[in-house]
């Protein structure tokens with residue numbers, strides 16, 4: 001199944017996308033489903049449940065939480081039972097280690113969202129190598145340009161974590177259908193999604209992108225694009 005794991009709706013400040021319109025466009029683009037990950041909230045849940053039935057496409061809900069070290073996509077097996085993030089953590093930005101611990105304690109899965117995105121306040125960057133409890137890294141965010149995606153993929157490789165992908169759709173329905181995550185087994189609920197993320201049986205997929213020549217694909221980002229490395233303690237693991 002192809003599912004866009006990172007989509008916003010009108011419940012994210014600055015976004016005007018209607019839940020129903022997003023699901024309709026996702027179906028037209030050939031996606032099997034989307035996950036609404038509005039900023040710091042799960043408010044899209046009732047609309048997504050109703051619209052998914054009418055549009056005949058999977059509509060799930062998670063949240064993109066803002067922390068003191070980057071943004072994180074959080075998925076819960078039973079989002080209906082999860083308190084609002086403000087009730088869980090107080091006023092954002094929240095301590096990233098607390099977010100990881102609380103979401104994991106609730107049975108959820110946490111994905112580092114565009115960790116090398118310098119357009120946001122307090123990006124994660126190499127701090128990702130000090131974190132425990134991540135299920136995956138967003139290696140492909142369709143709206144990001146430059147080395148951000150390449151560095152995220154490299155970080156996932158060092159951490160021995162799977163990469164996922166999403167459009168990050170925010171400003172236009174035209175942003176949908178550019179990237180998605182391939183799930184090996186059927187997904188019918190947030191619980192199914194969380195289980196497969198934790199099992200690592202997922203792959204990021206770029207849609208409608210012409211592959212790079214072999215030489216360009218082998219050539220990673222230049223050292224001067226990367227900036228300095230941070231502390232990797234506890235982060236770099238043996239490759240399986």
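Numbering (the UniProt record's numbering), first residue to last: 1 to 240.
We put the beta carbon where it would ideally sit given N, CA and C, even for glycine.
Is it the case that the Cβ atoms of residue 190 and residue 55 are separated by a distance below 8 Å?
In the chain shown, the residue the question calls residue 190 occupies position 190. In the chain shown, the residue the question calls residue 55 occupies position 55. No, the pair does not count as a contact, with Cβ atoms beyond the cut-off.
Cα separation between residue 186 and residue 90?
Here residue 186 refers to the residue found at position 186 of the chain shown. Here residue 90 refers to the residue found at position 90 of the chain shown. Each residue's Cα considered, the two are about 36 Å apart.
Which of helix, strand or coil does DSSP assign to residue 245?
The structure shown does not extend to residue 245, since the chain is modelled only from 1 to 240, so the question has no answer here.
Taking the alpha-carbon positions, what's the residue 92 to residue 113 distance?
Walking along the chain shown from the start, residue 92 turns up at place 92. Walking along the chain shown from the start, residue 113 turns up at place 113. Between residue 92 and residue 113, the C-alpha separation is close to 16 Å.
Where residue 65 and residue 27 are concerned, what is the direct C-alpha to C-alpha distance, given to the nearest angstrom?
Locating residue 65 in the chain shown gives position 65, where the first residue counts as 1. Locating residue 27 in the chain shown gives position 27, where the first residue counts as 1. Residue 65 and residue 27: Cα-Cα distance of roughly 27 Å.
Using 8 Å for Cβ pairs, my map puts residue 168 next to residue 141. What's the rounded Cβ distance?
As a first step, residue 168 must be located in the chain shown, where it is residue number 168. As a first step, residue 141 must be located in the chain shown, where it is residue number 141. Indeed, because the Cβ distance is near 5 Å, the residues count as touching under 8 Å.
Residue interval of the beta strand (DSSP E) (run including residue 158):
Taking the chain shown and counting its residues from 1, one reaches residue 158 at position 158. Taken as a continuous stretch (DSSP letters only), residue 158 belongs to no beta strand (DSSP E), being part of the alpha helix (DSSP H) at 148-159.
Do residue 63 and residue 40 have their C-beta atoms closer together than 8 Å?
The count along the chain shown starts at 1 and reaches residue 63 at position 63. The count along the chain shown starts at 1 and reaches residue 40 at position 40. Cβ atoms of residue 63 and residue 40: closer than 8 Å.
With a CB to CB cut of under 7 Å and the five nearest residues on each side skipped, what residues in its chain are close to residue 24?
The residue given as residue 24 occupies position 24 in the chain shown. Taken in chain order, the residues that qualify are 55.
For residue 71, the three-state DSSP class (helix, strand or coil):
As a position in the chain shown, residue 71 is number 71, starting the count at 1. Three-state DSSP puts residue 71 in a strand.
For residue 61 versus residue 33, is the C-beta distance shorter than 8 Å?
Counted from its first residue, the chain shown places residue 61 at position 61. Counted from its first residue, the chain shown places residue 33 at position 33. No, these two residues do not count as a Cβ contact at 8 Å.
Who are residue 37's beta bridge partners in DSSP?
Reading the chain shown from its first residue, position 37 is the one you call residue 37. Looking at the DSSP assignment, residue 37 forms a beta bridge with 62.
Within the stretch 4-52, note down every full beta strand (DSSP E) run reaching 3 residues or more, in order along the chain.
33-39
How far does the beta strand (DSSP E) with residue 165 in it reach, from first residue to last?
What you label residue 165 is simply residue 165 of the chain shown in a count that begins at 1. Run containing residue 165: 163-166, per the beta strand (DSSP E) assignment.
Can you give the Cα-Cα distance for residue 103 and residue 82, rounded to whole angstroms?
What you label residue 103 is simply residue 103 of the chain shown in a count that begins at 1. What you label residue 82 is simply residue 82 of the chain shown in a count that begins at 1. Rounded to the nearest angstrom, the two C-alpha atoms are 9 Å apart.
Between the C-alpha atoms of residue 21 and residue 8, what's the straight-line distance to the nearest angstrom?
As a position in the chain shown, residue 21 is number 21, starting the count at 1. As a position in the chain shown, residue 8 is number 8, starting the count at 1. Near 12 Å, if we compare the C-alpha coordinates of residue 8 and residue 21.
Could you tell me if the beta carbon of residue 47 falls within a distance shorter than 7 Å of some heavy atom in the ligand COA?
In the structure shown, the ligand COA is absent, as is every other ligand, since no ligand is present at all.
Compute the distance between the beta-carbons of residue 136 and residue 162, then report whether it is under 8 Å.
To locate residue 136, count along the chain shown from 1; it is residue 136. To locate residue 162, count along the chain shown from 1; it is residue 162. Their beta carbons are under 8 Å apart, which means residue 136 touches residue 162 by this criterion.
Out of 98, 3, 4, 85, state which residue places its alpha-carbon closest to the alpha-carbon of residue 43.
In the chain shown, residue 43 corresponds to position 43, counting from 1. Among 98, 3, 4, 85, the Cα nearest to that of residue 43 belongs to 85.
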